[in-house]
Amino acid sequence: MKLSELNIYSNIVIQCHDNPDPDSIGAGYALYKFFKCQGKQVRLIYSGELKITKPNILMIVEEFNIPIEYVEKINIEGLLITVDCQYGAGNVTKLNARHIAIIDHHQPEVEEIDRSEIRSFLASACTLVWDLINQENFNVNEHIDVSTALYYGLFNDSGGFTELNHPLDKDMLDSLKIDNSVIRKLKNSVLTLRELEIAGMALIRHSYNEANKFVVVKAQECDPNILGFISDLALQVDSVYVCVVYNQINRGIKFSIRSCDKEIRANELAAYLSEGIGSGGGHVEKAGGFISQKEFDEKHAHLNADEYFLRRLTKYYKSFDVIYSMKDYLSVEDMQLYKKRVVPVGFVPITDVVADNTPIIIRTLEGDLDLLANEDIYAMIGIKGEVYPTTKEKFRKNYTILDERYNLELEYFPSIRNKKDSSIIHLNQYAKKCISKGESYIYAKPLKKAVKVFTSWDIEKYMYGKIGDYLAVKKDDNHDIYVIEKDIFSKTYDPVIIN
Ligand SMILES: [Mn+2]
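Count along the sequence shown from 1, add 831, and you get the number used in our numbering.
So this is what it looks like as structure tokens:
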């Protein structure tokens, strides 16, 4: 859905979820400003049993004169947009309205609303609104109150930016021009004395697993930031390598994860714990997620949340093998020989898009890559938008250039951020096709159990292979072990049939 599609309405009411948080208010306020500038009649409202009392929320509302109104059940003329929530869902009072739109970043809960934009992969509703108003050429940075509110919304929903995962979240964070003095005040007005007590009580009642050295902590209802605060503390315990801190709020379970174990990535564990019932992600050491109560009740009705986390974690630890490529020997006896197919991939010589010696970030769905641009680096772009740098010399030796644009329909096409001037270069405008010259052979087998491979070129970070992905080893180098994703494998390799 595009915001311009909503232009047919002259009366627009934007509704935050009940008991609104900074994300809902930030996203709602940005929409409010956007539609106001289009000359619409706009109201920003919330409903429910409770009026806002949290100190940081009162502060942001006051600081920017955000015209948010508390309403009881009312009838809506014109269009109603629910933001950071879905019309008809449990966390938002259902108001009488004939025309409805949804803008949200949680798991889809309602189906019957046509006009909806739900992107569950984003860390905040603020990011989604930022993207939507950008597409309408509305420059948020001309409204410092709006950009600061968006910033604070993402801050709040992502454990203080530690649980960011998607490149769009990072793009917004990098590009917002904000009022730092306000943010400083807000960051230091998060805890109430009551919440300090909640943190203390939560830590007293932890469940510790000795065998795997993880701890699960349940907190009472509190701001999501407190979960991060509690987990940071718990991880510092000498015998705790991984911790999960959660609480139950009306529509689900919010959790925060920390890990200092190199074989356990917090973001991956977050995705595992919420698989099929919510969403989760973040960084290697810090991550978080959300589980929808409805999905949880449907799939795990017999468990309480504590039992669920303890069981799921134990299952996780049993779910994978670990391979250290440099020292482990991999038998190829049960593996099949494959030849790499000649598929066009994309490439961009880095200095075609930024000046020599510029510090840059290459941003992809898989994460950020820090580089210093020089004439010798070519960015190769794979069929799923994955980027791997190569040298000019290797490129010339191994690839033939095709004079065609490399166009892929991706959720996020790789981009480059110039760290000197913060400009963004969208690589889809520059990528060209090339094909590999040589022949390449591997032994591979589909995984029956998940695996974590510490490859020979990165001993700090492992490659994760899910069941169904392929474990591969180069035919001519038995220490070059790695994982190939199922989709990529089927599009890239053919079995070699030996008669
Ligand atoms: Mn949110």
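The beta-carbon is built from N, C-alpha and C at its ideal position, and this holds for glycine as well. For clarity, every value in this text was computed on a predicted model and none was experimentally measured.
Check: residue i C-beta below 6 Å from any heavy atom of ligand 1
{"i": "SER1123", "result": "no"}
{"i": "SER1358", "result": "Residue coverage of the chain in this structure runs from 832 to 1330, which leaves residue 1358 outside it and unanswerable."}
{"i": "ALA920", "result": "no"}
{"i": "SER955", "result": "yes"}
{"i": "ASP1000", "result": "no"}
{"i": "ASP988", "result": "yes"}
{"i": "ASP854", "result": "yes"}
{"i": "ASP915", "result": "yes"}
DSSP-derived helix/strand/coil call for residue i
{"i": "SER874", "result": "According to the sequence as given, residue 874 is Arg; it is not Ser. Three-state result, ARG874: strand."}
{"i": "GLY919", "result": "coil"}
{"i": "ASN842", "result": "strand"}
{"i": "LYS1322", "result": "helix"}
{"i": "ASP1005", "result": "helix"}
{"i": "ASN972", "result": "helix"}
{"i": "PRO1277", "result": "strand"}
{"i": "LYS1306", "result": "coil"}
{"i": "THR1286", "result": "coil"}
{"i": "LYS925", "result": "coil"}
{"i": "GLU948", "result": "strand"}
{"i": "GLY857", "result": "helix"}
{"i": "ILE1255", "result": "strand"}
{"i": "VAL892", "result": "helix"}
{"i": "ILE1329", "result": "coil"}
{"i": "SER978", "result": "helix"}
{"i": "ASN996", "result": "coil"}
{"i": "ASP1311", "result": "strand"}
{"i": "LEU1027", "result": "helix"}
{"i": "SER1110", "result": "strand"}
{"i": "THR913", "result": "strand"}
{"i": "LYS1317", "result": "helix"}
{"i": "ALA954", "result": "coil"}
{"i": "GLY984", "result": "helix"}
{"i": "LYS1401", "result": "Since the first residue shown for the chain is 832 and the last is 1330, residue 1401 is missing from the structure and cannot be characterised."}
{"i": "ILE1014", "result": "helix"}
{"i": "ILE964", "result": "helix"}
{"i": "SER835", "result": "helix"}
{"i": "ASN887", "result": "helix"}
{"i": "TYR1295", "result": "strand"}
{"i": "TYR863", "result": "helix"}
Rounded distance between the beta-carbons of residue j and residue i, thought under 8 Å
{"i": "ASN887", "j": "LEU1017", "result": "5 Å"}
{"i": "ALA1281", "j": "GLY1269", "result": "Not confirmed; about 31 Å, so no contact."}
{"i": "ALA1065", "j": "CYS1074", "result": "4 Å"}
{"i": "ARG950", "j": "LEU959", "result": "5 Å"}
{"i": "ILE1319", "j": "ILE1214", "result": "6 Å"}
{"i": "ILE899", "j": "TYR877", "result": "6 Å"}
{"i": "GLN846", "j": "VAL923", "result": "7 Å"}
{"i": "SER978", "j": "SER1253", "result": "With a Cβ gap of about 14 Å, SER978 and SER1253 do not count as contacting."}
{"i": "ASP1218", "j": "LEU1202", "result": "The amino acid at residue 1218 is misidentified as Asp; the sequence shows Val. About 10 Å separates the two Cβ atoms, so there is no contact after all."}
{"i": "GLY1111", "j": "GLY1059", "result": "Actually they do not touch by this definition, with Cβ atoms about 14 Å apart."}
Below-7 Å beta-carbon distance, residue i vs any chain C residue
{"i": "ILE933", "result": "No chain C appears in the structure shown, which is made up of a single protein chain."}
Kindly provide the ranges of any alpha helix (DSSP H) runs that are 4 or more residues long and lie completely inside the region 1113 to 1196, ordered along the chain.
With a minimum length of 4 residues, the continuous alpha helix (DSSP H) runs that stay inside the region 1113 to 1196 are 1124 to 1130 and 1136 to 1149.
Would the region 1252 to 1269 and the region 1212 to 1232 be scored as touching if the rule is three or more Cβ pairs under 8 Å?
At 8 Å Cβ cutoff, the stretches touch.
Start-end ranges of the beta strand (DSSP E) lying completely within the region 1031 to 1107, minimum 3 residues:
If one requires a minimum length of 3 residues, the beta strand (DSSP E) runs lying completely within the region 1031 to 1107 are 1037 to 1040, 1045 to 1050, 1073 to 1080 and 1083 to 1090, in chain order.
Any chance you could list the alpha helix (DSSP H) runs of at least 4 consecutive residues sitting entirely within the region 1194 to 1236, in chain order?
Whole alpha helix (DSSP H) segments, 4+ residues: 1223 to 1229.
If you pair each beta-carbon of the region 1133 to 1143 with each one of the region 1192 to 1211, do three or more pairs fall below 8 Å?
No: the two stretches stay apart, fewer than three of their Cβ pairs being nearer than 8 Å.
If contact is defined by three or more beta carbon pairs under 8 Å, each pair taking one atom from either stretch, is the region 949 to 967 in contact with the region 861 to 877?
Under the Cβ criterion (8 Å, minimum of three pairs), the region 861 to 877 counts as touching the region 949 to 967.
Would the region 966 to 986 count as touching the region 837 to 851 if we require 3 or more Cβ pairs under 8 Å?
Contact fails: fewer than three Cβ-Cβ distances are below 8 Å.
Count the C-beta pairs between the region 1303 to 1318 and the region 1109 to 1121 that are closer than 8 Å, then say yes if the count reaches three, no if not.
With fewer than three CB-CB distances shorter than 8 Å, the region 1303 to 1318 does not count as touching the region 1109 to 1121.
Touching or not, the region 1087 to 1101 and the region 1272 to 1281, by the rule of three or more beta carbon pairs under 8 Å?
They do not touch, by the three-pair rule.
Between the region 1171 to 1188 and the region 1126 to 1141, do at least 3 Cβ pairs fall closer than 8 Å?
The answer is no - the region 1126 to 1141 does not touch the region 1171 to 1188, with fewer than three Cβ pairs under 8 Å.
Any 3 or more C-beta pairs closer than 8 Å across the region 1092 to 1106 and the region 926 to 935:
Result no; under three Cβ-Cβ pairs closer than 8 Å.
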